[in-house]
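Visitor:
Residue numbers (the numbering used here): 438 to 690.
1) Based on the DSSP output, what are the partners of residue 557 in its beta bridges?
2) Exposed or buried, residue 448, counting other C-beta atoms within 10 Å across all chains shown (16 or more means buried)?
3) Does the segment 618-635 come close enough to the segment 577-584 to have 3 or more Cβ pairs within less than 8 angstroms?
4) In whole angstroms, what is the alpha-carbon distance linking residue 543 and residue 515?
5) Once DSSP output is grouped into helix, strand and coil, what is the label at residue 619?
6) In whole angstroms, give me the CA-to-CA distance for residue 644 and residue 619.
7) Between which two residues does the alpha helix (DSSP H) containing residue 655 stretch?
8) Determine which residues share a DSSP beta bridge with residue 585 and list them.
9) Just curious, the beta strand (DSSP E) that residue 520 is in, first and last residue?
10) Does the contact criterion of 3 or more C-beta pairs under 8 angstroms hold for the segment 525-535 versus the segment 570-578?
11) Could you tell me whether the segment 560-573 touches the segment 519-531, using the rule of 3 or more Cβ pairs below 8 angstroms?
12) Could you tell me the alpha carbon to alpha carbon distance between residue 632 and residue 600, rounded to whole angstroms?
13) Secondary structure at residue 573, three-state DSSP: helix, strand or coil?
14) Considering only residues of the same chain and omitting the five flanking positions on each side of residue 553, which have a CB-CB separation below 6 angstroms?
15) Please classify residue 556: is it buried, with 16 or more other beta-carbons within 10 angstroms of its beta-carbon, or exposed?
16) Using only the alpha-carbon positions, how far apart do residue 639 and residue 518 sit?
17) Among 530, 522, 473, which residue has its Cα nearest to the Cα of residue 641?
18) Can you tell me the Cα-Cα spacing of residue 450 and residue 471, whole angstroms?
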């Protein structure tokens with residue numbers, strides 16, 4: 438089942454099938470235009486993807502599988518979550534970027550004492566994380582407060598040694614401890630992995646508010662995005678395939 442909306446009924450459905458308290462379903466953060474996937478089978482449904490904003494395959498009629506294909510598919514196990522880091526709670530959480538606009542690499546980093554965990558992220562994932570945190574804080578009744586923290590305090594800690602590249606990001610909320618959790622799933626190393634590496638950062642509302650503000654700032658510090666095609670615009674411009682339908686060059690002017 439693929440959920441392609443952030444409407445409350447769909448959030449309630451995800452909460453229900455995950456066995457969460459339905460009174461708290463509005464605290465589930467689902468980014469607009471994201472896809473969340475639940476697999477049904479076995480003892481209970483499994484959340485396979487949350488806030489997936491990757492490419493969606495063309496919706497062409499798929500060929501009918503043979504009986505052998507069906508049997509192989511039914512016998513194929515779903516990947517199990519391999520939680521390699523569970524920083525609960527973090528002493529520091531931030532995002533950062535290294536490189537010049539157009540050649541920047543984005544990072545998500547959590548720290549617990551001397552343990553530093555760094556992950557490679559896409560610009561779009563960092564932007565979606567900032568929006569998701571803001572939305573979650575608003576639902577929790579948080580006012581739009583400006584974090585009392587400097588950009589220097591939000592810099593990446595050294596060494597920056599990525600553990601994996603993020604495939605998917607999710608957000609959750611622990612009502613008992615009042616902590617927001619970032620769940621990062623690694624990009625699978627193969628098509629049908631047996632396990633999938635997962636990392637979790639648990640942070641306070643203040644820490645996440647500072648993270649969201651900083652994330653929005655570093656995303657805005659790069660190349661602007663073309664409103665027509667969604668591609669980044671270099672200072673010299675870029676060839677937009679949707680501009681007048683002729684691939685004309687769009688500039689920042």
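Cβ atoms here follow ideal geometry from the backbone N, Cα and C, with glycine treated the same way.
Guide: Walking through what the data contain:
1) Residue pairing of residue 557 in beta bridges, as defined by DSSP: 544, 602.
2) Buried.
3) No: the two stretches stay apart, fewer than three of their Cβ pairs being nearer than 8 angstroms.
4) One Cα belongs to residue 543, the other to residue 515, and the distance between them is close to 29 angstroms.
5) When secondary structure is reduced to three states using DSSP, residue 619 falls in the strand class.
6) Spanning the two alpha carbons is a distance of roughly 12 angstroms.
7) From DSSP, the alpha helix (DSSP H) with residue 655 extends over 642-657.
8) Paired residues: none, contrary to the question.
9) Annotation: the continuous beta strand (DSSP E) that includes residue 520 extends over 517-524.
10) The segment 525-535 vs the segment 570-578: no contact.
11) These segments do not touch.
12) Answer to the nearest angstrom: the Cα atoms are 16 angstroms apart.
13) Helix.
14) Apart from the 5 residues on each side of it in sequence, residue 553 sits with its Cβ closer than 6 angstroms to the Cβ of 594 in its chain, given in chain order.
15) By the neighbour-count rule (16 or more Cβ atoms within 10 Å), residue 556 is buried.
16) Put simply, the backbone Cα of residue 639 is about 17 angstroms away from that of residue 518.
17) For the residues 530, 522, 473, the minimum Cα distance to residue 641 belongs to 530.
18) One Cα belongs to residue 450, the other to residue 471, and the distance between them is close to 15 angstroms.
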